[in-house]
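>
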Amino acid sequence: MARVAAIDCGTNSIRLLVADLPASYAGPGAQLLDVTRRMEIVRLGEGVDRTGRLSPAAIERTRVALAGYAAAIEELSVDRLRMVATSATRDAENADEFRTMVTETLGTPPEVVTGDEEARLSFTGAVHGLPPGSHAPYLVVDIGGGSTEFVVGGTGVDAAISVDIGCVRMTERHLHTDPPTPAEIDAAQADITAQVDRALATVPGRDAKTLVGLAGSVTTVVAIARNLTEYDPSRIHHARLTYDEVAKVTTHMLASTRAERLAIPVMHPGRADVIAAGAMVLRTIMERAGIPAVVASEHDILDGIAWSLG
C-alpha cells in the first residue's frame, strides 16, 4: 500500500486526509484506510465576493493551518501528496500570493482546479461504498463556502456544473442581520433558486434516484436534525434525511441568532454564521430537483483527491 496525503483548501475550511491506499489487487470494493483526518476553519475566501482579493489575514490563517499539516505529513512518512484549492483561489486577483505561500510552507504548489475537476473528485470520493438502496444515477452536491458543485453519474461522471452559491458567499452577499430579516432571506432565496435552476437545466439532476450531500453544511444539518450532543462522523456518514427534516433545520437556523447557533453542541464555531445559508442551499436543491431525501456523506473531494494518487 502507498501512504498518501490529500489537502482540500476551500473557501471556508482547509482539510487534511492521510490514508493508506489499498493495493490494486484488493478489488473495486476496497476502501481507503484512514490514518488521520483534520479540519480547520480558516475562511480563506472571506471578502472575496466583495473585493476580488484574498486578504492578508486570511492567507496568514491558512498558512498557520498548513504548517501544522506539513508537520503531520512529515511525521507520518507520506509517499505522495496532492493539494487542491478550489473556489476562493479561482476567483481571487492575487492568487499568486496564495500559491507562493503554499509552495514555501508545504514544499509543493497547490493545484487550483476547475469546477469540472472539483466535481469529478467530489463524485469519486462520495460514491465509494454508498449504503444498500442507494441507486444510480446519483446526484452529488458539494455545498462549499464559495460554490456548490452538482454532479450526475453512475459508474462515472456524466455531467457536472459549479455555481456560485456557497454558504460564505450567500451569507456575505445577503444575510447581514442577526438573525436575518425576511427581506434578506427572500433575496438569498431568489439568488439560490435562480442558480439551482440554472444548474439543473445543465445537469439532469431531476432524473437522479439518489441525492448525496457533501461538506460541512450538509453534515451539520444532519447532526442538528439527529439531536447529537457531539459531532460523531460514524452517526452522520450515510445518514438519510427527509426534505421535511432539512426544512425544519433550515427554518430553525434562519430564526436563530449567531449566539443561539453557537450554543448548539455540534456547531463548529467557524460555521455558526454561515450554516443558515448552507442549509438554504440544500433545502432549495431538494425542492427544485423534486428529491424527497438526501444521503449525507463524510467522504467527498478529500477522498477523491486521495484516490487520484493511486
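FYI, the numbering for the sequence shown is -4 to 305, going by our numbering. Just so it is clear, CB atoms sit at the ideal spot from N, CA and C, and this is done for glycine as well. Note that the structure is a prediction, hence the values are computed from the model and not measured.
1. Please state whether DSSP places Glu293 in a helix, a strand or coil.
2. Which residue from Val(-1), Ile180 and Met262 puts its Cα closest to that of Val213?
3. Return the first residue and the last residue of the beta strand (DSSP E) that Ser157 is part of.
4. Please state the DSSP three-state secondary structure of Ser323.
5. Rank Ile36, Gly265, Gly161 and Ala0 by C-alpha distance to the C-alpha of Ala66 and give the top, closest one.
6. Give the secondary structure of Glu35 by DSSP, where H, G and I count as helix, E and B as strand, and everything else as coil.
7. Please state if the CB of Ile280 and the CB of Val136 are separated by a distance shorter than 8 Å.
8. Do you know whose CA, among Asp44, Ser292, Thr252 and Gly265, lies nearest Ala234's CA?
9. For Val163 versus Ala155, is the C-beta distance shorter than 8 Å?
10. How long is the line joining the alpha carbons of Ser229 and Val217, rounded to whole angstroms?
11. Count the other CB atoms within 10 Å of the CB of Tyr20; is the residue buried (16 or more) or exposed (fewer)?
12. What are the boundary residues of the beta strand (DSSP E) that includes Asp137?
13. At which residues does the alpha helix (DSSP H) containing Thr205 begin and terminate?
14. So the candidates are Gly161, Leu249 and Glu225; which of them puts its Cα closest to the Cα of Thr81?
15. Identify, in the order they occur along the chain, each residue of the same chain with its Cβ nearer than 7 Å to the Cβ of Ile187, setting aside the five sequence neighbours on each side.
16. Does Gly148 come out as helix, strand or coil in the three-state DSSP assignment?
17. Verify whether the separation of the beta carbon atoms of Asn89 and Arg48 is less than 8 Å.
18. Would you kindly report the start and end of the unbroken alpha helix (DSSP H) that includes Arg75?
Looking at the atomic coordinates:
1. coil
2. Met262
3. Val152 to Val158
4. Residue 323 is absent from the model: the chain starts at -4 and stops at 305.
5. Ala0
6. strand
7. yes
8. Ser292
9. no
10. 12 Å
11. Model confidence at Tyr20 stands at a pLDDT of 46, short of 50, so the residue's coordinates are unreliable and nothing is read from them.
12. Tyr133 to Ile138
13. Counting along the chain, Thr205 falls outside any alpha helix (DSSP H), though it belongs to the beta strand (DSSP E) covering Thr205 to Leu209.
14. Gly161
15. Ile160, Met165, Met275, Val276 and Thr279
16. strand
17. yes
18. Note, Arg75: premise wrong, no alpha helix (DSSP H); beta strand (DSSP E) at Arg75 to Ala80.
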